[in-house]
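Everything on this sheet refers to the single structure shown next.
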Amino acid sequence: MHPDTPTAQAALFVTERHLLSHFAVSTEPNAPRLPLRPHGKLNRFVAEGSRMHEAVSKLWPEIQWIEDKGLRSQVTQTWVKALERSPLKPDDLNRIPFTLLVPNCPITFMEHKRCVVHIARQSAEAMQEFMGRALPIHMDTVIAGAILADVGKLLEYELGADGKSRQSERGEALRHPFTGVALALECGVPDAVCHIIAAHAAEGDLVKRTTEAYIVHHADFMAFLPFKNPKNVKLK
Ligand SMILES: [Fe+2]
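In terms of numbering that gives the first Met the number 0, the sequence shown is residues 0 to 235.
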C-alpha cells in the first residue's frame, strides 16, 4: 500500500492517535515492555477509520484540488469526524435534499455542496485573473472553506421515522456554522478556513468577511436562492 493513499493515511492517523490509549507505555527504565501488537479492537478501529476515509474521498473528489497536503488531510479528517458523529450515513448525503427550506427540493445534499465548491473555485479564478493585482485570493482557503462550509449539517440533521431528514434538537440550538467550526478546529483547520465556515450563511452578515469568505458565501447563495422561487424549479 502506497503511503500517500487515503487508506494508508487513515491507518497511520488512527494508529498514531490511538496507540497510546490501547497499549500501556511507561518511561520508567525497568518497566515491563508490552508488545506493540494490534489487538482485535484496534484492528476494527483502523478498519473503520479507513472505511470512513474512503467514503469521504468518494463523496469529495474536490478535496484533491487542495494543494497543501496538511490542509487536505485536515479537511478530510473534519468530514470523517462529522460522519462518525452523525446519524446520517455517507450514502444518505446522495439522497437527502440539500435544504429543508424548499418544499420537495429536487437537488441532493452532495449535488448542492459540490456545485458550490465548483462555483467558488471558478469565481476565485476569474477574480484572480482580472483583479488579482489588487485583491489577492488564497485558492486553497477558498476550496477548503467551500468543502467545509456545511460539514456541521451532519450534526444539524437527523432522519425521521419516515426516512426524511429534519432538524435535530442540537441543530435547533446550534446551527451548522457553529458545529462546523467546532469540528474543524478539533482537526487543526486554520482560522482563515474556519472564518469561512462561520461566516458563509446569514450569521456572517454581522462579520467583516474576507475575500475568500465572500466568494464562498455568494457561491452558496447562488446555488440556493433560485430554488426559493417555485417558478424557477422543475420538479421531478
Ligand atoms: Fe450552510
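Even glycine gets a Cβ: it sits at the ideal position worked out from N, Cα and C.
Residue i, DSSP secondary structure in three states
{"i": "residue 164", "result": "strand"}
{"i": "residue 173", "result": "coil"}
{"i": "residue 158", "result": "strand"}
{"i": "residue 42", "result": "helix"}
{"i": "residue 120", "result": "helix"}
{"i": "residue 204", "result": "helix"}
{"i": "residue 17", "result": "Because the pLDDT of residue 17 is 47, which lies under 50, any placement of that residue in the model is unreliable, and the number read from its coordinates should be weighed accordingly. Residue 17 falls in the helix class under three-state DSSP."}
{"i": "residue 136", "result": "coil"}
{"i": "residue 234", "result": "coil"}
{"i": "residue 148", "result": "coil"}
{"i": "residue 131", "result": "coil"}
{"i": "residue 25", "result": "Caution applies to residue 25, whose pLDDT of 44 falls short of 50 and renders its modelled position unreliable; the model cannot decide the point."}
{"i": "residue 48", "result": "helix"}
{"i": "residue 187", "result": "coil"}
CB contact flag (residue i, residue j, <8 Å)
{"i": "residue 185", "j": "residue 170", "result": "no"}
{"i": "residue 89", "j": "residue 99", "result": "no"}
{"i": "residue 113", "j": "residue 61", "result": "yes"}
{"i": "residue 157", "j": "residue 176", "result": "no"}
{"i": "residue 68", "j": "residue 182", "result": "no"}
{"i": "residue 188", "j": "residue 77", "result": "yes"}
{"i": "residue 72", "j": "residue 153", "result": "no"}
{"i": "residue 111", "j": "residue 222", "result": "yes"}
heavy atom of ligand 3 below 7 Å from residue i C-beta
{"i": "residue 111", "result": "Looking at this structure, you won't find ligand 3 anywhere; what it does contain is ligand 1."}
Endpoints, alpha helix (DSSP H) assigned at residue i
{"i": "residue 210", "result": "210-221"}
{"i": "residue 194", "result": "190-198"}
Selected residue, minimal CA-CA separation from residue i, among the options
{"i": "residue 139", "options": "95, 84 and 64", "result": "64"}
{"i": "residue 135", "options": "179, 211, 79 and 48", "result": "211"}
{"i": "residue 219", "options": "234, 231, 172 and 141", "result": "141"}
{"i": "residue 102", "options": "163, 173 and 207", "result": "163"}
{"i": "residue 122", "options": "224, 205, 192 and 213", "result": "213"}
{"i": "residue 147", "options": "174, 125, 193 and 173", "result": "193"}
{"i": "residue 227", "options": "41, 97 and 165", "result": "97"}
Residue-level contact to chain C via CB, residue i, 8 Å cutoff
{"i": "residue 142", "result": "Looking for chain C here will not work: only one protein chain is present."}
Subject >> Complete runs of the beta strand (DSSP E) confined to the segment 50-118 [at least 3 residues] >> reply: Considered as a whole, the segment 50-118 harbours no complete run of any beta strand (DSSP E) with no fewer than 3 residues.
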